[in-house]
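Colleague:
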Amino acid sequence: MKFWMQRVAMAILLLLSVSALTFGAMNVLGDPLFNILGPIAGDVNNPKSVALIEEVKVKYDLDKPLPVRYVKWLGDFVTGDMGVTFTQDGQPPVSGLIKERIPRTITLLVMAQLLAVMISIPWAAITAARAGKRLDKISTMNSFFLLAMPNFALAILLKYIFSLKLGWFPLTYKAIDPYFERLRQVFLAAVTIALPAAAVYQRLLRTDLITTLQQDFILMARSKGLSRSRVIFRHAIRPSMFSFITVVGLNTGGLIGGSIVAESVFRIPGIGSQLVESVLREDFPVVLAIVVLIALTFVIINMLVDILYSIIDPRVRR
């Protein structure tokens with residue numbers, strides 16, 4: 004129980020730190036009044052403009068000190084009120100905007116993570132069984148290539164080949180299309196995120212598998228005449244998955260970062276593309292809500308990884 008209480012306390016502290024730093028940075032570095040009012044925000048010599056500026060400050064609590072505004076925002080956020088966008092009419096509400104876009108990003112990230120895992124496990128098994136041979140060396144070069152290639156370049160390359168040249172996938176995302184058609188529309192974006200992640204997973208799992216294949220119980224299984232594939236997938240994979248699970252959990256943040264690029268290139272109106280748009284417009288409530296939700300997702304996934312650890316190895320709780 005003490006172990007889990009410590010984890011929950013650390014999670015709460017992390018979320019408070021992320022929200023406070025983001026809130027302070029966004030309010031110090033930008034001018035929300037200009038985003039709301041436009042050029043009028045700089046017209047301090049016109050009495051009508053000054054009156055309008057004061058009205059907007061009161062409406063959006065910009066007349067209060069920064070700590071007071073943060074505490075108020077935090078209290079509202081905990082109750083589910085994410086505030087309103089920094090526009091003249093405050094529409095749409097931040098929660099409505101996120102509710103509309105977040106399913107697309109979740110679909111993209113889940114598809115990318117599944118693809119990465121499905122690619123990396125057999126890839127690692129094949130190369131571990133042939134460690135040091137030609138196939139393994141070619142695989143190493145390919146994984147380094149995927150890791151070195153920037154996400155935006157990979158996204159543009161995939162879009163050029165499979166959308167523009169071959170026409171296998173659509174160029175843009177259409178929210179009005181049926182569900183399975185929308186899955187097809189995000190597939191290339193998911194592949195863009197999945198391939199570098201799969202290269203990371205494969206390198207790690209391959210190394211652990213090579214170590215496991217040298218253990219006595221594996222030699223015993225081989226002496227019984229079991230095939231190589233049966234030995235790997237029935238006896239070697241499971242004890243080699245501990246580090247693999249760690250990296251899959253920790254890499255969630257990287258996948259979310261990759262979704263920002265992928266959504267922008269493939270024109271998917273998700274949370275990532277919304278974050279970019281809101282940063283450029285200095286729409287602080289939207290940026291803050293998305294950043295905190297990303298941090299919350301990262302914390303929850305890592306807590307789930309900890310739970311899985313404790314199931315696999317109870318010594319983790321000590």
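In my numbering, the protein residues as written are 4 to 321.
The beta-carbon is built from N, C-alpha and C at its ideal position, and this holds for glycine as well.
Quick check on F183: buried or exposed, where buried means 16 or more other Cβ atoms within 10 Å of its Cβ?
Modeller: For this step, residue 183 is matched to residue 180 along the sequence shown. Its Cβ having fewer than 16 others within 10 Å, F183 is exposed.
Colleague: Pop quiz: V295 and L111 are said to be a contact at Cβ under 8 angstroms. What is the actual Cβ separation, rounded to whole angstroms?
Modeller: Here residue 295 is taken as the residue at index 292 of the sequence shown, counted from 1. Here residue 111 is taken as the residue at index 108 of the sequence shown, counted from 1. That belief does not hold up - the Cβ atoms of V295 and L111 are roughly 20 angstroms apart, past 8 angstroms.
Colleague: With a threshold of 8 angstroms, are at least 3 pairs of Cβ atoms found where one atom belongs to the region 177-194 and the other to the region 295-306?
Modeller: Not touching, per the Cβ criterion.
Colleague: Let me check understanding here. Comparing Cα to Cα, which of S146, R10 and A119 lies closest to V251?
Modeller: Within the sequence shown, numbered from 1, the residue matching residue 251 stands at position 248. Out of S146, R10 and A119, A119 has the C-alpha closest to the C-alpha of V251.
Colleague: Quick one: grab the DSSP three-state call for P68.
Modeller: Here residue 68 refers to the residue found at position 65 of the sequence shown. In this structure, P68 counts as coil in the three-state DSSP scheme.
Colleague: In the structure shown, what three-state DSSP assignment does P125 receive?
Modeller: The count along the sequence shown starts at 1 and reaches residue 125 at position 122. Correct three-state label for P125: helix.
Colleague: Since V97 contacts T88 with CB under 8 angstroms, what's their CB separation in whole angstroms?
Modeller: As a first step, residue 97 is located in the sequence shown; it is residue number 94 there, counting from the start. As a first step, residue 88 is located in the sequence shown; it is residue number 85 there, counting from the start. Rounded, the Cβ-Cβ distance is 6 angstroms, consistent with contact.
Colleague: Using DSSP with H/G/I as helix, E/B as strand and the rest coil, what is P96?
Modeller: What you label residue 96 is simply residue 93 of the sequence shown in a count that begins at 1. P96 falls in the strand class under three-state DSSP.
Colleague: If contact is defined by three or more beta carbon pairs under 8 angstroms, each pair taking one atom from either stretch, is the region 78-86 in contact with the region 149-157?
Modeller: Because the criterion of three Cβ pairs below 8 angstroms is not met, the region 149-157 and the region 78-86 do not touch.
Colleague: How many Å lie between K168 and L16 at the Cα?
Modeller: Here residue 168 corresponds to residue number 165 of the sequence shown, with the count starting at 1. Here residue 16 corresponds to residue number 13 of the sequence shown, with the count starting at 1. Roughly 49 angstroms between the two C-alpha positions.
Colleague: Taking 6 angstroms as the limit between beta carbons, can you name the residues of its chain near Y73, skipping five residues before and five after?
Modeller: By one-based count along the sequence shown, residue 73 stands at place 70. Excluding sequence neighbours, Y73 sits near F26.
Colleague: If you measure between the beta carbons of L208 and I124, is that distance less than 8 angstroms?
Modeller: Working through the sequence shown from its first residue, we reach residue 208 at position 205. Working through the sequence shown from its first residue, we reach residue 124 at position 121. Against a cut-off of 8 angstroms, the Cβ pair of I124 and L208 comes out as a contact.
Colleague: Assuming A115 and L258 make a contact with CB atoms under 8 angstroms, what is their CB distance in whole Å?
Modeller: In the sequence shown, counting from the first residue as 1, residue 115 sits at position 112. In the sequence shown, counting from the first residue as 1, residue 258 sits at position 255. Rounded, the Cβ-Cβ distance is 6 angstroms, consistent with contact.
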